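With mature numbering (1 follows the signal peptide of the UniProt record, and there is no 0) as the guide, the letters of the sequence shown map in order to residues -24 to -1, 1 to 305. Take a look at the structure below.
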Amino acid sequence: MTAPTRRTAGKLSALLLMTTPLLAACQHQDMTDTVTGWWHGFEGGEIAKLRAPPPGENLRYPHVGRTPTQPPALPTPEARLALTTRLEAQRNLAQRESAAQGALPTIPPPPTPTPAAVTAANVQQSGMTMTTVGQPEAPPVPAAIPATSPAASPSVPAPSARTNKPAPPPPAPEAELPAVVAKSIPPTPPGEFPQIGDLPPPPPQFPGFDLPRDAMVSDPIRPDIDTNTPEGTLIRFQPATDHVSGNPQGEYQHIVSQRGNQRLTIRGFGAFMSADAALAPADQNREIALGLLRARAVARALIERGVPASSITLRGEAIGDGVRVTIGG
């Protein structure tokens, strides 16, 4: 081996020894992280600085044995079902009451202010005659005639002191708000609760019976409305449209698999807590038509999956949610 060759081999060995720590330091990074680090170092500034350590890096690991091993106390399935049924009944009642109250009223715009009538006192003070547009001008008031001798003007009679002039029209009353009655509330001393108004009379007491405080308070009158949730598989729709919400492929497959050779009843509902939902005949016709369109959309999807059209019955109702599909109904 010649001297130049030995010098070249020594340089290569030194270069490999110098690059070995660099490669070892980047072994936890992939090619993307390495190139990104090089580019950030080339740019400099804040992006080239090291990131701050994550919070809690030097803290001790938590004790896994201290985690709770018992499940939390949850209501029983029967209690959860009862709560769900009660919430559904409240929702259905709210839908019915919203429809019974009718659509939201349209508030008319406020009336335009009219100019106040001109009184006779203002006319006398200003010395001008004011007329309203469209009214004839009032005749000019004759000036006072100076008193002269009968010889100077024998043919002109002296005007009388009293003349029959029409009374000025009364001023138009202005719209006023009712008077505000201020009721003084005694101040509450520090450290005490504010005073409460008069309470209802106490209920009668019977020996051996404990009556609650609200025993004399009557329950609110509720209309006789069926608040039960309709049976069947629910297919949700977008509000006020016949477009299905989400992907109901699972519901369709469940209906087809459970059907067998039985008939299907598809009930489409219209109103969905909208502001224009009401029980007027015209509103009911519109919502029933929307319910039938929704039921037809579900029927087409089931027909595409092998259900014969002769085994499907379509129905429409005004108030409800989406579409309900029942088997054998």
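Glycine is no exception: its CB is placed at the ideal position from the N, C-alpha and C atoms. Please read all numbers here as calculations on a predicted model, not as lab measurements.
What's the gap between the Cα of residue 212 and the Cα of residue 74? For the purposes of this step, residue 212 is taken as residue 236 along the sequence shown, with counting starting at 1. For the purposes of this step, residue 74 is taken as residue 98 along the sequence shown, with counting starting at 1. Their Cα atoms are separated by approximately 20 angstroms.
What three-state label does DSSP hand residue 300 in the structure shown? Sequence index remark: in the sequence shown, residue 300 carries index 324 (1-based). Residue 300: strand per DSSP, three-state reduction.
Identity of the residues DSSP links to residue 290 by a beta bridge: As a working mapping, residue 290 is identified with position 314 in the sequence shown. BP columns for residue 290 point to 242.
If residue 226 and residue 270 are in contact, beta carbons under 8 angstroms, what's the gap, nearest whole angstrom? In the sequence shown, the residue the question calls residue 226 occupies position 250. In the sequence shown, the residue the question calls residue 270 occupies position 294. Not quite, the Cβ-Cβ distance comes to about 18 angstroms (not below 8 angstroms), so this is no contact.
Look up residue 306 in the DSSP assignment and give the residues it is bridged to. In the structure displayed, the chain extends from -24 to 305; residue 306 sits before or after that span and is not available.
Between which two residues does the alpha helix (DSSP H) holding residue 61 run? By 1-based counting over the sequence shown, the position of residue 61 is 85. 53 to 77 is the extent of the alpha helix (DSSP H) around residue 61.
Residue range of the alpha helix (DSSP H) that includes residue 279: As a working mapping, residue 279 is identified with position 303 in the sequence shown. Here the alpha helix (DSSP H) through residue 279 covers 257 to 280.
Alpha-carbon to alpha-carbon, residue 162 and residue 168: The residue labelled residue 168 in the question sits at position 192 within the sequence shown. The residue labelled residue 162 in the question sits at position 186 within the sequence shown. Each residue's alpha carbon lies about 12 angstroms from the other.
Under the three-state reduction of DSSP, which class applies to residue 10: helix, strand or coil? Walking along the sequence shown from the start, residue 10 turns up at place 34. In the structure shown, residue 10 sits in a helix (DSSP, three-state: H, G or I).
Residue 120 - DSSP class collapsed to helix/strand/coil: On the sequence shown, residue 120 is found 144 positions in, with the first residue counted as 1. Confidence is the limiting factor: at residue 120 the pLDDT is only 49, short of 50, which leaves the residue's position unreliable, though a coordinate-based value still follows. Coil.
Quick check on DSSP: helix, strand or coil for residue 308? The question about residue 308 has no answer, for the chain in this structure spans -24 to 305.
Neighbourhood of residue 262 by C-beta, 6 angstroms cutoff - its chain only, sequence neighbours within 5 removed: Start at 1 with the first residue of the sequence shown, and residue 262 comes out as number 286. No residues qualify anywhere along the chain.
Given a threshold of 16 other Cβ atoms within 10 Å of its Cβ, counted over all protein chains shown, does residue 49 qualify as buried or as exposed? Against the sequence shown, residue 49 aligns to sequence position 73. With fewer than 16 other Cβ atoms within 10 Å, it is exposed.
Spatial neighbours of residue 219 within its chain, please: C-beta separation below 7 angstroms, excluding the five flanking residues on both sides. The count along the sequence shown starts at 1 and reaches residue 219 at position 243. The answer, listed in chain order, is 213.
Limits of the unbroken alpha helix (DSSP H) element including residue 231: By 1-based counting over the sequence shown, the position of residue 231 is 255. It spans 225 to 235 - the alpha helix (DSSP H) in which residue 231 sits, taken as one unbroken run.
Please list, in chain order, all residues of the same chain as residue 267 whose beta carbon is under 6 angstroms from its beta carbon, the five residues on each side excluded. The count along the sequence shown starts at 1 and reaches residue 267 at position 291. For residue 267, where only same-chain residues beyond five positions count, the Cβ hits under 6 angstroms are 244, 245, 246, 292, 293.
Element boundaries [beta strand (DSSP E), containing residue 210]: What you label residue 210 is simply residue 234 of the sequence shown in a count that begins at 1. Counting along the chain, the beta strand (DSSP E) containing residue 210 begins and ends at 209 to 211.
Rounded to whole angstroms, what's the CA-CA distance from residue 13 to residue 39? Just pull it up for me. Residue numbering aside, residue 13 sits at position 37 when the sequence shown is read from its first letter. Residue numbering aside, residue 39 sits at position 63 when the sequence shown is read from its first letter. One C-alpha to the other measures close to 37 angstroms.
Residue 51 versus 44, 59, 152, residue with shortest Cα-Cα distance: Stepping through the sequence shown from its first residue, residue 51 is reached at position 75. Of the candidates 44, 59, 152, the one whose C-alpha sits nearest the C-alpha of residue 51 is 59.
When we look at the beta-carbon of residue 102 and count the other beta-carbons within 10 Å, is it buried (16 or more) or exposed? In the sequence shown, residue 102 corresponds to position 126, counting from 1. At residue 102 the pLDDT is 48, less than 50, meaning the model places this residue with poor confidence; the figure from the coordinates comes in the next sentence. Residue 102 comes out exposed.
I'd like to know whether the C-beta atoms of residue 205 and residue 68 end up nearer to each other than 8 angstroms. On the sequence shown, residue 205 is found 229 positions in, with the first residue counted as 1. On the sequence shown, residue 68 is found 92 positions in, with the first residue counted as 1. The answer is yes: Cβ separation under 8 angstroms.
Relative to the C-alpha of residue 202, which residue among 86, 236, 61, 277 is closest? Position 226 of the sequence shown, counting from 1, holds the residue named residue 202. For residue 202, the nearest C-alpha among the options comes from 61.
Cutoff 8 angstroms; reference residue 256; Cβ partners in own chain excluding five residues on either side: Looking up residue 256 in the sequence shown gives position 280. Correct list, in chain order: 78.
Spatial distance of residue 283 from residue 232 (CA atoms): For the purposes of this step, residue 283 is identified with residue 307 of the sequence shown, where counting begins at 1. For the purposes of this step, residue 232 is identified with residue 256 of the sequence shown, where counting begins at 1. Taking the straight line joining both Cα atoms gives about 7 angstroms.
In the structure shown, what three-state DSSP assignment does residue 40 receive? Numbered from its first residue, the sequence shown carries residue 40 at position 64. In the structure shown, residue 40 sits in a helix (DSSP, three-state: H, G or I).
Answer with buried or exposed for residue 370, where buried requires no fewer than 16 other C-beta atoms within 10 angstroms of its C-beta. Nothing can be reported for residue 370: it is not among the residues displayed for the chain, which extend from -24 to 305.
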